[in-house]
Amino acid sequence: MPSTARKTPAPADAPDLADADEANVDERVYAAVSKALLSGKLRPGTPLRERALAEALGCTRGAVRKVLARLGSEKRLVLEHNRGAFVPNPSIDDMRGTYRARRIVEAGLVSTLFGRLEREQVATLRKHVQAEQKAFKEGRREDAIRLAGEFHMLLAQMAGSDELISYLQRLVSNTELYKALYDSAEAASCAPREHEQIIEALTGKSLDAALAVALEHLDELEQRVIAGAAAEQEVDLATLLNGGTAAHHGHGH
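The numbering used here puts the first residue of the sequence shown at 18, with every later residue one more than the last.
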């Protein structure tokens, strides 16, 4: 009886490898688009075209589409049906509302963590601030903005609430973008110093003082961002009224 050749089965982990490759592409595209957004070079309302992004990043339009949808769900992009993805163009009222929500959430976060941080947690926070300082010193604006947001997410993680982490992440994502769009590079460099002050306050003797430091940090950031947005809107209006001849403002981009 003739022997029947046996098929060699495909490696059991082949689908896993394919999934891993796809995940790597998704993360690479996500990181690249996020970095562009946080660079401050993409102005409000700029369209992000799938074809152009796919060609620039050496990936499929499907991968780009997936990442744009993810960024849209995080409120980092505006997705419009049949029109595509755009850099957000938030109103001043929208931004004020987001900062108001952050103040409320982070006041509760400070109250929860005050006097309860362990030595290892304090060391982790200080190490993170050092990374922020290094990014600013080396002129890596987008990394500095991302790290500044991650400082607040570290605090949320130390509070041990998944719901809090999820909600604060959405708020931080929004304010990171506001900062990239409207805050000056020079003014933004104070974030590491202010974060160091928050650490000192959280390990200090007065909850009221800790709350004051944390909320003042957000207040100052909001004021700078709102001022930058107002200046940009004034220039846009001047450009419109002067037939496009007015120069674009420069506030650190």
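Note that beta-carbon positions come from the ideal geometry of N, C-alpha and C, so glycine has one too.
8 angstroms Cβ cutoff met for I216 and R143: yes
Contact between the region 97-106 and the region 58-74 is defined here as three or more beta-carbon pairs at a separation below 8 angstroms; is this criterion met? yes
Report back the beta-carbon spacing between L219 and A208 to the nearest angstrom; my notes put them in contact at under 8 angstroms. Their Cβ separation, rounded to whole angstroms, is 16 angstroms, which puts L219 and A208 out of contact at 8 angstroms.
To the nearest angstrom, how far is it from the Cα of V139 to the Cα of G132? 11 angstroms
In three-state terms, what does DSSP make of F153? helix
Cut-off 7 angstroms between Cβ atoms - residues of its own chain near A152, not counting five sequence neighbours on either side: D160, A161 and L164
Just grab the DSSP bridge partners of F12 for me. The chain is shown only over 18 to 270; residue 12 falls outside these bounds and no answer can be derived.
Work out the CA separation of T129 and A263 for me, nearest whole Å. In this prediction, A263 has a pLDDT of 46, which is less than 50 and means its spatial position is unreliable; what the coordinates show is noted afterwards. Taking the straight line from one Cα to the other gives about 50 angstroms.
Along the alpha helix (DSSP H) that carries L172, what are the first and last residues, could you check? Per DSSP, the continuous alpha helix (DSSP H) segment holding L172 begins and ends at R158 to A176.
Is the distance from the Cβ of R93 to the Cβ of S190 below 8 angstroms? yes
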